[in-house]
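Everything below concerns the one structure shown next.
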Amino acid sequence: MSKTIGIVTGSLRKNSFSGSIADYVLSHAPEGYGFKIIDISALPVYNQDYDGADPKEYTVFRDEIKTLDGVLFITPEHNRSIPAALKNALDIGSRPYGQNVWDGKPGAVISQSPGGMGGFGANHHLRQVLAFLNVLTLAQPEAYIGSYHTLIDENGALNNKDTQNLIDGFLAAFAAWVEKLS
Ligand SMILES: Cc1cc2nc3c(=O)[nH]c(=O)nc-3n(C[C@H](O)[C@H](O)[C@H](O)COP(=O)(O)O)c2cc1C
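Letter by letter, the sequence shown follows residues 667 to 848 in this note's numbering.
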């Protein structure tokens with residue numbers, strides 16, 4: 667049976683680099699895998715007062731995460747960490763206490779940046795949060811994609827062959843990881 671992997675991107679920006687990588691992934695899924703975008707842009711900022719009387723967006727989001735066979739995070743780096751919108755989504759999925767929807771999901775992380783370090787800081791801050799949420803995150807290979815603005819065409823589509831190969835290999839490793847955990 668086909669497996670469904672959610673893509674959560676850390677960017678709310680139109681035509682984002684993270685979205686460009688997500689578009690590539692959507693059209694290059696390994697056999698037996700389907701990827702779908704999980705939209706985090708409409709999630710209200712988490713407030714513990716909501717627990718038990720949650721905004722509808724929280725319930726829809728949590729229910730969607732529960733259906734997934736795994737989650738691929740694709741993120742930019744904001745001030746050497748993950749963007750606030752992504753942390754918000756992680757926090758929402760983790761609550762109410764004892765009802766963490768991320769628990770036990772296979773996960774993987776791709777970070778990107780126009781800078782040379784490819785979002786290393788964000789990638790590892792994200793891994794730290796995922797460890798606490800008990801997301802079983804692929805350790806190797808890692809994916810830090812630097813100078814992303816040089817890897818796309820005029821429409822923002824990834825057109826650099828080496829990077830395409832890197833992502834293809836990464837997705838194959840992630841699929842093998844998901845199989846191992848199934
Ligand atoms: C608030 C803010 C902080 C940023 N901090 C960093 C940073 O620490 N390291 C880095 O490489 N790029 C940083 N950048 C640049 C982003 O990484 C860059 O805009 C990103 O690759 C865009 O990705 P996106 O198109 O998916 O939003 C920052 C951008 C913003 C808006």
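Backbone N, C-alpha and C fix where the C-beta goes; we use that ideal spot for every residue, glycine too.
Range of the contiguous beta strand (DSSP E) that encloses residue i
i      : result
Tyr699 : Tyr699 to Ile703
Thr670 : Lys669 to Thr675
Residue i and residue j closer than 8 Å at C-beta
i      : j      : result
Gly770 : Ile731 : no
Pro772 : Leu847 : yes
Arg762 : Gly812 : The residue you asked about is not Arg; residue 762 is Pro in the sequence shown. No, they are not a contact pair.
N-terminal and C-terminal residue of the alpha helix (DSSP H) that residue i is part of
i      : result
Lys827 : Lys827 to Leu847
Tyr690 : Phe683 to Leu692
Per DSSP, the bridge partner or partners of residue i
i      : result
Leu824 : Ile818
Tyr810 : Ser777
Thr725 : DSSP, once it has assigned bridges, lists no residue as partnering Thr725.
Please give the ranges of any beta strand (DSSP E) in the region 727-801, keeping only runs that are unbroken, at least 3 residues long and fully inside the region. With a minimum length of 3 residues, the continuous beta strand (DSSP E) runs that stay inside the region 727-801 are 736-741 and 772-778.
Answer yes if the region 734-741 comes into contact with the region 769-785, meaning at least three C-beta pairs across the two stretches below 8 Å, and no otherwise. These segments touch.
Does the count of Cβ pairs from the region 750-759 and the region 708-717 closer than 8 Å reach three? Touching, yes.
Would you call the region 814-823 in contact with the region 679-690, where contact means no fewer than 3 C-beta pairs closer than 8 Å? They touch, by the three-pair rule.
Three or more C-beta pairs closer than 8 Å, one from the region 790-800 and one from the region 823-843: is that the case here? Segment contact: the region 790-800 against the region 823-843, fewer than three CB-CB distances shorter than 8 Å; contact not assigned.
Could you say if the region 697-707 and the region 798-808 meet the contact criterion of at least three C-beta pairs nearer than 8 Å? Contact between the region 697-707 and the region 798-808 is absent, because fewer than three Cβ pairs lie under 8 Å.
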